[in-house]
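Chemist: Residue numbers (numbering that gives the first Met the number 0): 0 to 276. Virtual Cβ for every residue (Gly too), placed ideally from N, Cα, C.
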Amino acid sequence: MELQYLGTAAAEGWPALFCDCEICHKAREKGGKDLRTRTQSILDGTILIDFPPDTYTHALRYRLNLGKVQHLLITHSHMDHFFPVDLIHRHEHFGHNAEGMLHVYGNEAVEKAFYEAVLIDRFKVHPLDNSVRFVRVEPFQDFVAEGYHIIPVAADHDKREACLIYIIEKDGKCLLYGHDTGMNLSREAWDCICSYQYDLISMDATMGRQKTNGYHMGLSDDLEMVRLLEGKGCLKKGAVKVISHFSHNGGMTHGELEQFAGEHGLTAAYDGMAVKI
Ligand SMILES: [Zn+2]
Ligand SMILES: [Zn+2]
Ligand SMILES: [Zn+2]
């Protein structure tokens, strides 16, 4: 499997849209890996994970033919993970030769946002019935999409909805996609996570140096999570341990994140990074 990180920032982007803090200031000056769009990934060019407002930018930058993608996993309804209005462009009036049906998997809040966005009056002449289909998923109710076994796990994030992180396995390879979540997961979630062995874990590192108490993770949480999974024998030999979904509020430049990651056997994600497992 190959997971490509299309965007690696939290909701406000990096540099943040209206921010001139030290980190954002440096990011504008430096460019390169210090410029981050909102979080999105694609697995083997087949399974798209999350749909931020930057999806269009990602399609341009990485020359993605998204009309071929038929499976989109949504973690939760926050706008940096789900910007549903753009889905209307999969209708054949805008998206010629888009292949088959795009299945959008998400929770109840994502479903509500989906229908509110695609059923607005001005788009009613272009119904999505033949091009996009919403599929409601529930925590711990696994399903199969294009040969990938997918297990949604209840995250520790916005309590107003059933936010999800995902375990995905295929052909003996397994990854944990953990954006967005904190460490205060339910017993059921930890039991589920710890019942797999991973080749890749992708961990929330929104808060960088800052301490957190759930909702997101910082670098000390990431190290704790690695310790915990290693202790349970859940990391395969040579497992790749990625940190991503960064915020300027974490107070670290990409160079500093990379240095920290290097010292602790982690990989600091950047936009465009691909990990093969
Ligand atoms: Zn987020
Ligand atoms: Zn800033
Ligand atoms: Zn979120």
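1) Residue 9 and residue 215: beta carbons closer than 9 Å?
2) How far does the beta strand (DSSP E) with residue 147 in it extend, from its first residue to its last?
3) From 22, 44 and 29, pick the residue whose C-alpha is nearest to that of residue 2; which is it?
4) Just the C-alpha distance for residue 238 and residue 220, rounded to the nearest angstrom, thanks.
5) If I follow the unbroken alpha helix (DSSP H) through residue 113, where does it start and stop?
6) Suppose contacts are defined by Cβ-Cβ distances below 9 Å. Is residue 226 in contact with residue 217 by that definition?
7) Kindly indicate which residue of 182, 114 and 205 has the alpha-carbon position closest to the one of residue 132.
8) Kindly give me the distance between the Cβ atoms of residue 38 and residue 51, rounded to whole angstroms, as I take these residues to be in contact under 8 Å.
9) Hey, how far is the Cα of residue 63 from the Cα of residue 161?
10) Regarding residue 253 and ligand 2, is the C-beta to nearest heavy atom distance less than 8 Å?
11) If you scan the segment 35-115 from start to end, which runs of the alpha helix (DSSP H) of 4 or more residues do you find wholly inside it?
12) Would the beta-carbon of residue 15 be found less than 8 Å away from any heavy atom of ligand 2?
Modeler: According to the data block:
1) yes
2) 147-153
3) 44
4) 18 Å
5) 107-117
6) no
7) 114
8) 6 Å
9) 30 Å
10) no
11) 54-60
12) yes
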